[in-house]
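> Numbering (the numbering used here), first residue to last: 1189 to 1484. Each residue gets a CB set at the ideal place from its N, CA and C atoms; glycine is no exception. In this text, all values refer to a predicted model and were calculated from it rather than measured experimentally. Sharing a structure, written as C-alpha cells. Questions coming.
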C-alpha cells in the first residue's frame, strides 16, 4: 500500500472545515428563503406592504428566524458530517461500545471542569481586552445562550456537539491520522480548524475571535480523548456537557440576585470536577481501532 504524505494530509485537513461552513451557508440560505415566504404570506394576510429594507430587517431580527436558521444549519451539518464520516471511516470507529459508565462520568465531570476553566479564562481576558471585544462577545453569548428559546438550547447542547464532533474529532482527525500525521500534530491541527470555523462563522468579528481561542483549546482536549478511544461518541457527550454547563450557568446568572456568586462558585466546583475527571481519565484505557488502519 502506498504511504500517504503527511503534507498532503495537512493540506486536505482544511476541507472538512470548509464543508462544515458550506453546510451552514446553504442551510442559512434555505432558512432565509423559507422564512421570507412565510413572512410574505403573513404580511399579505394582514394587508401590510413593507419596504424592502423593513422586510429584510423584520425577517433577520425575528427570533423565530434565528432559531430556524440555527436548527437548520446544525441538522444539515449532522446529515453531511455523519454521512461522510460513517461512509469513509466507520471501520476505524469503536462506536457506541465506548459509552461505558466510566467514560460517561468522565465526560460529565470534565465538561463542567472545562466550562469552569473557560469562565476563568474569560474573566482574565476581559480584564485585558478593550471594551469593543467585550461588547462583541456579550452580543454573541446573548444569542447562543438564549435560554428563553428551547430551540436555542437544543441547538447548543445537543445538535451542535453531534455535528461538530463528526466533522472535527471524526473526519478531520481520521484524515490526518490516515495520512501518517503525528497524532499530537493531528490533534492540534484539527483543534485549530475547529477554532477557525467559529471565527469564520462569525465573519471574523471580535467576539467570535475570543470564542475561537477557547474553541481551539477545547478542540485539542476533545481531540486527545477521541484519539485515545478511537470514537467520536465520548467527545459528543463531553461536548454536550461543556455546552450544557454553559447553558446552566446562563440560567443561574439570570435568576440570582447576585450573579457574581455563580462566577465565584464555579472555582471550587471546577477544581473538584477537574480532579475527579483526571482520576476517571486515568482509568480510561486506550482502545485500538477495531479494523486497524483501513484508510479510505
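Helix, strand or coil for residue 1249 per DSSP?
Looking up residue 1249 in the chain shown gives position 61. Three-state result, residue 1249: coil.
> Can you check the stretch 1266-1324 for any beta strand (DSSP E) of at least 3 residues that lies completely inside it and give the ranges in chain order?
With a minimum length of 3 residues, no continuous beta strand (DSSP E) run stays inside the stretch 1266-1324.
> When you compare each of 1408, 1383, 1411 and 1410 to residue 1398 by their alpha carbons, which one comes out closest?
Taking the first residue of the chain shown as position 1, residue 1398 is located at position 210. Taking only the C-alpha atoms, the option nearest residue 1398 is 1383.
> Please specify which runs of the alpha helix (DSSP H), each continuous and at least 4 residues long, are wholly inside the stretch 1395-1460, giving them in chain order.
Fully enclosed alpha helix (DSSP H) runs of 4 or longer: 1421-1443.
> Taking residue 1213 as the reference, which of 1261, 1293 and 1234 has the closest Cα?
Within the chain shown, the letter at position 25 stands for residue 1213. It is 1261.
> So for residue 1366, helix, strand or coil by DSSP?
Taking the first residue of the chain shown as position 1, residue 1366 is located at position 178. Helix, per DSSP.
> Could you tell me the distance, in whole angstroms, from the CA atom of residue 1353 to the CA atom of residue 1424?
Within the chain shown, residue 1353 is the residue found at index 165, counting from 1. Within the chain shown, residue 1424 is the residue found at index 236, counting from 1. Those two C-alpha atoms are separated by around 6 Å.
> On the CB-based measure, 16 or more other CB atoms within 10 Å of its CB, does residue 1480 come out buried or exposed?
Residue 1480 sits at position 292 when you count from the first residue of the chain shown. Residue placement at residue 1480 is flagged as unreliable, the pLDDT there being 43, under the threshold of 50; a coordinate-derived value is accordingly withheld.
> Got a sec, what are the start and stop residues for the alpha helix (DSSP H) residue 1227 sits in?
Sequence index remark: in the chain shown, residue 1227 carries index 39 (1-based). Counting along the chain, the alpha helix (DSSP H) containing residue 1227 begins and ends at 1202-1234.
> Look at the alpha carbon of residue 1311 and the alpha carbon of residue 1345, and state the distance between them as a whole number of angstroms.
In the chain shown, the residue the question calls residue 1311 occupies position 123. In the chain shown, the residue the question calls residue 1345 occupies position 157. Answer to the nearest angstrom: the Cα atoms are 23 Å apart.
> Relative to the C-alpha of residue 1386, which candidate in 1276, 1428, 1361 and 1356 has its C-alpha closest?
Locating residue 1386 in the chain shown gives position 198, where the first residue counts as 1. Checked all of 1276, 1428, 1361 and 1356; the closest Cα to residue 1386 is 1356.
> Does the beta-carbon distance from residue 1402 to residue 1309 come in below 8 Å?
What you label residue 1402 is simply residue 214 of the chain shown in a count that begins at 1. What you label residue 1309 is simply residue 121 of the chain shown in a count that begins at 1. Cβ atoms of residue 1402 and residue 1309: closer than 8 Å.
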